[in-house]
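What follows is one structure encoded as C-alpha cells, with my remarks underneath.
Numbering (this note's numbering), first residue to last: 481 to 619.
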C-alpha cells in the first residue's frame, strides 16, 4: 500500500516538474512585461489574450507529456497493473488544471482541450509499460 501511495506522489511530482520546465520555456520565449500588475485583472487578461498559439501549445504539450510520465512512474514504482492509481492521479491533475484555468485567463479552445488531456495521457503512460509480475509483486 505504501509503495502505491509513493508511486502516485512521485508520478504527480514528475508531472509537475515537466509543467514547470514548460513554464520556464514559455517565460523565456514570451516574457511577462516588467510592468504587468497581476492584481489588475484587465491587464493580465490583455497579456494572455495577446499570446500566440505556440504559447498555449507548449502548455498543452507539457500537460500531455507530464501526464504520460506520471502514469509511467505510477506503473513502474507501484509495480501494479491496476489502473485505479492512474485514474486517481489523472483526477488530481485535472483538478489542478481546473484551478489553473480559474486563476488565469485562457482561450475557450484551450480550456476544452486542456481538461481532456490529463486522464487519457496518464492512462496511456500507465499502459505503455509492461510489468512482469511475480507472486510477491501482486501483494
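Cβ coordinates follow ideal geometry from the N, Cα and C atoms, glycine included.
inquiry  = Could you tell me the alpha carbon to alpha carbon distance between residue 598 and residue 584, rounded to whole angstroms?
reply    = Looking up residue 598 in the chain shown gives position 118. Looking up residue 584 in the chain shown gives position 104. The straight-line gap from Cα to Cα measures roughly 19 Å.
Environment of residue 515 [buried if 16+ CB atoms lie within 10 Å] = Mapped onto the chain shown, residue 515 falls at position 35. Counting C-beta atoms within 10 angstroms of its own C-beta, residue 515 has fewer than 16 neighbours from the protein chains shown and is therefore classed as exposed.
request  = Rank 501, 482, 522 and 609 by C-alpha distance to the C-alpha of residue 543 and give the top, closest one.
outcome  = Indexing the chain shown from 1 puts residue 543 at position 63. Checking every option, the nearest Cα to that of residue 543 belongs to 501.
task = Have a look at 524, 534, 523 and 574 and flag the residue whose alpha-carbon is nearest the alpha-carbon of residue 547.
result = In the chain shown, the residue the question calls residue 547 occupies position 67. Among 524, 534, 523 and 574, the Cα nearest to that of residue 547 belongs to 574.
key: First and last residue of the uninterrupted alpha helix (DSSP H) at residue 532   = Position 52 of the chain shown, counted from the first residue, corresponds to residue 532. That residue, residue 532, is in no alpha helix (DSSP H); it is neither H nor E in DSSP.
key: Three-state secondary structure (DSSP) of residue 585   = Against the chain shown, residue 585 aligns to sequence position 105. Coil.
Euclidean distance between Cα positions of residue 532 and residue 510 = Residue numbering aside, residue 532 sits at position 52 when the chain shown is read from its first letter. Residue numbering aside, residue 510 sits at position 30 when the chain shown is read from its first letter. One C-alpha to the other measures close to 9 Å.
ask   = Which value, in whole angstroms, describes the spacing of the CA atoms of residue 609 and residue 526?
value = By 1-based counting over the chain shown, the position of residue 609 is 129. By 1-based counting over the chain shown, the position of residue 526 is 46. Their Cα atoms are separated by approximately 43 Å.
query = Where residue 483 and residue 517 are concerned, what is the direct C-alpha to C-alpha distance, given to the nearest angstrom?
reply = Counting from one through the chain shown, the residue named residue 483 turns up at place 3. Counting from one through the chain shown, the residue named residue 517 turns up at place 37. The straight-line gap from Cα to Cα measures roughly 44 Å.
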